[in-house]
Amino acid sequence: MHFPFYEKLGLAVLVTAWLVFGANWAGNLLVHPKPLKSPAITIAGVEEAGDKAAKPAAGGKQVDALTLLGSADVKAGEAAFKKCKACHTAEKGGKNLVGPNLWDIVGRPKASHEGFAYSGTLKGMGGAWTYKDLDHFIDDPKGFAKGTKMSFAGVKKPEERAAVIKYLHSLSDSPKPLP
Numbered sequence: 057m058h059f060p061f062y063e064k065l066g067l068a069v070l071v072t073a074w075l076v077f078g079a080n081w082a083g084n085l086l087v088h089p090k091p092l093k094s095p096a097i098t099i100a101g102v103e104e105a106g107d108k109a110a111k112p113a114a115g116g117k118q119v120d121a122l123t124l125l126g127s128a129d130v131k132a133g134e135a136a137f138k139k140c141k142a143c144h145t146a147e148k149g150g151k152n153l154v155g156p157n158l159w160d161i162v163g164r165p166k167a168s169h170e171g172f173a174y175s176g177t178l179k180g181m182g183g184a185w186t187y188k189d190l191d192h193f194i195d196d197p198k199g200f201a202k203g204t205k206m207s208f209a210g211v212k213k214p215e216e217r218a219a220v221i222k223y224l225h226s227l228s229d230s231p232k233p234l235p
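Residue 57 is where the sequence shown starts when you use the working numbering, and the numbers rise one by one after that.
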């Protein structure tokens, strides 16, 4: 039997694949990208990792945001979370944006929100999001999970971090106990 339609379809698929791969190959030959010295996109209100880093306390240690959770204000955390809303949603059943939805993040297994493509680094970490993990990740995402896709520089002020963590704690039908 002779199937001219299927022959034409197969040839079309083959030619399309050659064009796509050929264009990619030619593009790689012609363009030599240079690494950026600074981020291409900056988010207003976000400090760079080296700018205004949290100052060590009188004893010489950096202040841990978890010690400030008791006095942290959920409303202040919600206000500070506004800079996170560029990439995350916080409502129950909210959709993923550039980052995953953060409803009920405390105690949730890492890299587990359905429908979000996590980096291999976070997928390989295992375990659940603890308050300590959230503190370190919010402080320095790339320091906590080298290779993460998150381009946010972090929240360096321990008071602000504690407020954000307390706000994230409140985003649950049954919030986990504070440390």
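We put the beta carbon where it would ideally sit given N, CA and C, even for glycine.
{"Query": "Residue 184 (DSSP reduced to helix, strand or coil)", "Result": "strand"}
{"Query": "Cα-Cα separation, residue 126 to residue 137", "Result": "18 Å"}
{"Query": "Opposing strand residues paired with residue 39 [DSSP bridges]", "Result": "With the chain represented from 57 up to 235, any question about residue 39 goes unanswered, as that position is not in the structure."}
{"Query": "Own chain residues within Cβ distance below 6 Å of residue 143, not counting five before or after", "Result": "153, 154 and 155"}
{"Query": "Host alpha helix (DSSP H) of residue 78 (start-end)", "Result": "60 to 86"}
{"Query": "Proximity to residue 159 [Cα-Cα], best of 94, 145 and 132", "Result": "145"}
{"Query": "Nearest residue (CA-CA) to residue 97, options 208, 228, 124 and 215", "Result": "208"}
{"Query": "Whether residue 161 touches residue 234 by CB criterion (7 Å)", "Result": "no"}
{"Query": "Cβ pair residue 163, residue 222 closer than 7 Å", "Result": "no"}
{"Query": "Check whether residue 196 and residue 210 have beta carbons under 7 Å apart", "Result": "yes"}
{"Query": "Residue 218 burial status per 10 Å Cβ neighbour count (16 or more: buried)", "Result": "buried"}
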